[in-house]
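Reading through the structure tokens given below for one structure.
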Amino acid sequence: MPHDTPLISTIVGGIVLAFIFGAFAHRLRMPPLVGYLIAGVLVGPHTPGYVADQSLAPELAEIGVILLMFGVGLHFSLKDLLSVRGIAVPGAIVQIAFATLLGWGLGAFMGWSTGGSLVFGLALSVASTVVLLKALQERRLVETERGRIAVGWLIVEDLAMVLALVLIPAAASIGGEGHAPVEPLSAALSSLFGLDLGIGGMIAMTLVKVALFVALMLVFGRKLIPWTMHRIAHTGSRELFRLGVLAIALGVAFGAAKLFGVSLALGAFFAGMVLAESELSHRAAQESLPLRDAFAVLFFVSVGMLFDPNILIDKPLPILATIFIIVIGKSVAAFLIVLAFKKPLNTALTISASLGQIGEFSFILAALGVELGLLPEEGRDLILAGAIISIILNPLLFFLCDRMRPLLDGAKREDVVADPAPAADAIATQEEMPREDDEVHPTALSGHAILVGYGRVGSIVGQNLKSSATPFLVIEDSDKRIGELKAQGIETLSGNAVMRETLDLANLSGARSIAIAIPNAFEACRIAEQARSVNPSILIVARAHSDAEVDELKQYGADTVIMGEREIALGMVDRLAQVHHESVPYEDGHGPDTIMPTDDPPPERE
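For the sequence shown, my numbering assigns the number 10 to the initial residue and increments by one for each residue that follows.
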């Protein structure tokens, strides 16, 4: 029976084309998201051929935003959030104000109304959740101090935009520039009691609802959500566990949006942050990863669908001005703000590159502005063009920041040496610099072992290397673990071992062995390949979770690959043989100082 399938065709068309063009972009050494955006343009209404459903694609993309923010929340504790409030709150507010002022100036220059210019400026001031987190995840920076500041900054921006979405309709109706329904709770109170709360009342109601949501999550959610997941885990059903993770992520996000007026992304983030206090948080992150990546791809496809390539010819100068505000104006402002808070240069560059783009909230603000009659359609087109181009340029911005860091760092050092400031100031300046120095100074070790990752497996390997007096160093990207390692006197390199620069700092050519203890097989293969190419005689030991991963790691140069499941089975067989065949007494080998695993999901009950 023939019937329309817009949902299926939109998902299939978006994912298939995203895969094709993403793979093509990767082949050309470009970020895959460039291919995703091109796929969106091709299935959009402004190019010939197949056109995907323009109403379904953004909703599917919103699911990706929810799952992505939920995953970030799983790795972002309340303590981490509060630890960066001193810079994230004032920094985000100042940066939003500066970018809004620039956007308002451009709108006023083009003859738009004050309300439309302010909406335009606000849309340019807020960064994309998906783009920011994708960039941080690709560089494994989410759990670093820089990543926490960037995520905290993003949360403050989200809260500011939630408030803006309430105030803009009210301001439009009061100012006579547009008309829209006011905030629902304020309208209900006004209808019941005849009270006109005005803009001040709407702001108060919005803040009360957001505060109520946060309080409920921190007071009741911290107990209810982990308890629920533990009960589900005890059933032994992986299917129910995965379904429970998705139900919590999507349910809390949707409920937060409908009941409290909080954005879907913010609601999902708090759900993940609450679940992060459970021992099952890593397993929850692993279970939600496939859907999160798939729907995040649909986000970029939906952005590409909105783009009309003709605007590049019709409005070249306004587009250049818009891109300048997004990529240059915001980035420079964020860079100076972070430096003003006495943060390292590396942190300032990372934050500035992370915020040099716009995304989902910008589209919502643009649509609202056009609907209220505040923003002309030309402004919406400029916002869409600015989003597309800034997202494409964002990887280049990170690349430029990486190249600029040594130059700026060198100039900074020269200033410190030449500065005739008092000795106390010089000492204070030098004390602030070691954190960055650790990332640029190569090791002095030779004939040593390199340990990649210090989680469940890596910590046990590292403690045994230390107890046997084997010279070794650790490559780790978690600030928390790096601090613990340095407190134990273990030499540590901060960074991603996939990057050739990091391996060079570890003196790979002079090392005798490298133990790749990270669970990600794709990254482990790349590390093994680079290690073998630099040092053909080095011993490479890695871990795997399947026979296929074992074969792949050996193909890329690993000498020994340990598969956890097989070793567990052999240990069980050995123990059974000792009991049933009266072998020697069993020794578990765990001393009182053994560090037990903490970061992999528990084995599933069949």
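Virtual Cβ for every residue (Gly too), placed ideally from N, Cα, C. Fair warning: this is a prediction, and the values are worked out from it, not measured in the lab.
Presumed contact (8 Å Cβ cut-off) between residue i and residue j, rounded CB distance
i    : j    : result
T452 : L482 : 6 Å
A506 : I536 : 5 Å
A34  : P41  : 5 Å
A524 : V570 : Incorrect: roughly 11 Å between the Cβ atoms, too far for contact.
A108 : A342 : 7 Å
N516 : L474 : The Cβ separation is near 16 Å, so there is no contact.
M284 : A277 : As written in the sequence, residue 284 is Leu, which differs from the Met given in the question. Not confirmed; about 11 Å, so no contact.
G504 : I484 : 7 Å
G313 : L46  : 4 Å
G125 : G378 : 6 Å
K324 : L384 : With 8 Å as the limit, K324 and L384 do not qualify as a contact, their Cβ atoms being about 15 Å apart.
A305 : K143 : 7 Å
Residue environment, residue i, which counts as buried when at least 16 other CB atoms sit within 10 Å
i    : result
I24  : buried
R301 : buried
G120 : exposed
V449 : Here the model assigns V449 a pLDDT of 47, short of 50, so the residue's position is not dependable, and the following value carries that caveat. Exposed: under 16 other Cβ atoms inside 10 Å.
Y565 : buried
G253 : buried
F229 : exposed
A427 : With a pLDDT of only 46 at A427, under the threshold of 50, the placement of this residue in the model should not be trusted, and no figure is reported.
A224 : exposed
S616 : Here the chain has residues from 10 to 615 only, and residue 616 is not among them.
P443 : Note that P443 scores 38 on pLDDT, short of 50, meaning its location in the model is unreliable; the coordinates nonetheless yield the value given after this. P443 should be labelled exposed.
P601 : No answer about P601 holds up, because its pLDDT of 40 lies below 50 and its placement is not dependable.
S477 : exposed
W113 : buried
N319 : exposed
H239 : exposed
D434 : Confidence at D434 is low in this model, with a pLDDT of 40, below 50, so the placement of that residue should be treated as unreliable; the coordinate-derived value is given next. By the 10 Å Cβ count, D434 comes out exposed.
S542 : exposed
E71  : buried
R148 : buried
K232 : exposed
Check whether residue i and residue j have beta carbons under 8 Å apart
i    : j    : result
L77  : V139 : yes
S399 : P67  : no
A458 : A540 : no
A530 : A553 : yes
S137 : G368 : yes
G456 : I499 : no
F269 : F222 : yes
L163 : G156 : no
F316 : I397 : yes
L579 : A533 : no
A97  : I158 : yes
G338 : L111 : yes
F30  : G53  : no
A258 : A280 : yes
L307 : L69  : yes
P235 : E286 : yes
A266 : L273 : yes
L406 : S340 : yes
Option in the options with minimal Cα separation from residue i
i    : options                   : result
L298 : I20, V81 and G471         : V81
A27  : A303, L111, L127 and V98  : A303
K218 : L255, W236 and V271       : V271
A330 : G130, M581, F370 and V98  : G130
L345 : I332, F333 and T359       : T359
I20  : L402, A61 and P99         : A61
Q295 : S64, I17 and L83          : L83
S487 : L364, S477 and T501       : T501
L409 : K88, N355 and V582        : N355
I102 : R412, H243 and V347       : V347
I335 : N319, P353, A394 and E286 : A394
G116 : S363, R240, M581 and I328 : I328
G388 : L65, L16 and F118         : F118
L289 : G31, R247, P325 and A305  : R247
N544 : R509, I577 and E561       : R509
P480 : D513, R465 and S522       : S522
P15  : S64, A32, R36 and A106    : S64
E386 : A32, A256 and V128        : V128
A173 : K143, A132, E154 and T153 : A132
G73  : F309, V50 and I177        : F309
message: I'd like the ranges of any alpha helix (DSSP H) spanning at least 4 consecutive residues and lying wholly in the segment 290-348.
response: 290-314, 320-323 and 325-332
query: Of all the beta strand (DSSP E) runs that stay within the bounds of the segment 527-593, which reach a length of 3 or more residues?
result: 548-553 and 569-572
message: So within the segment 233-272, which uninterrupted alpha helix (DSSP H) runs reach at least 4 residues, ignoring any that extend past its ends?
response: 247-269
query: Where in the segment 32-110 do unbroken runs of the alpha helix (DSSP H), each at least 4 residues long, occur, reported from the N-terminal end onward?
result: 41-51, 65-83 and 87-92
message: Quick check on the DSSP output: what are the complete alpha helix (DSSP H) runs of length 4 or more inside the segment 364-402, in order along the chain?
response: 369-380
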